[in-house]
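Participant:
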Amino acid sequence: MSLLAHATIVALLFSAIWGLVASRSVIGAVACLNVAKSATAVHLVAIGYRAPAAAPIVEGGEPATATVDPVVQALVLVDVVIGAAITALILALAVEFVRRRGSVDPRDLVPRRK
């Protein structure tokens, strides 16, 4: 992997962690989780990339040049689909949280003692 890919992954993860810590909203926390998920997608793409390689499209025979790994591309698609499903689930829970508590503040998740 290149230095640019490593730097992008680290920057995405640190910004997601900082956003989770500083977030005052459940919706903001969901957005930060999506940023962290995109770091995994960048990591998978960087693993499967080869410098002079082409797309793995073969028409009737062996490929003429080196190709990138199609399994990694499929894993990125699975990562996107799972991330969308998890985001939808968390946002549905956030809507129910707002209905019951009237707030999107994560500190309101814990019941307060009187």
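Take this note's numbering: the final residue in the sequence shown is number 1461, and no numbers are missing along the way. Heads up, the beta-carbon is just placed ideally off N, CA and C, and yes, glycines get one too.
Would you call A1376 buried or exposed, if buried means 16 or more other Cβ atoms sit within 10 Å of its Cβ?
Facilitator: By one-based count along the sequence shown, residue 1376 stands at place 29. With 16 or more Cβ atoms within 10 Å of its Cβ, A1376 is classed as buried.
Participant: Give me the Cβ distance between P1423 and A1388, rounded to the nearest whole Å; I'm assuming they're in contact under 8 Å.
Facilitator: Start at 1 with the first residue of the sequence shown, and residue 1423 comes out as number 76. Start at 1 with the first residue of the sequence shown, and residue 1388 comes out as number 41. In the sequence as displayed, the identity of residue 1423 is Val instead of Pro. Right, their Cβ atoms sit about 5 Å apart.
Participant: Helix, strand or coil for A1400 per DSSP?
Facilitator: In the sequence shown, counting from the first residue as 1, residue 1400 sits at position 53. Three-state result, A1400: coil.
Participant: According to the neighbour-count rule (16 or more other Cβ atoms, all chains shown, within 10 Å of its Cβ), is H1353 buried or exposed?
Facilitator: One-based indexing of the sequence shown puts residue 1353 at position 6. Exposed, since its Cβ has fewer than 16 Cβ neighbours within 10 Å.
Participant: Which same chain residues, not among the five before or five after L1391, have their C-beta less than 6 Å away from its C-beta?
Facilitator: Against the sequence shown, residue 1391 aligns to sequence position 44. Result list for L1391: V1419, L1422, V1423, in chain order.
Participant: Beta carbon of L1385, beta carbon of L1359: below 8 Å?
Facilitator: Position 38 of the sequence shown holds residue 1385. Position 12 of the sequence shown holds residue 1359. The sequence given here places Ser at residue 1385; Leu does not occur at that position. Cβ distance < 8 Å, so S1385 and L1359 count as in contact.
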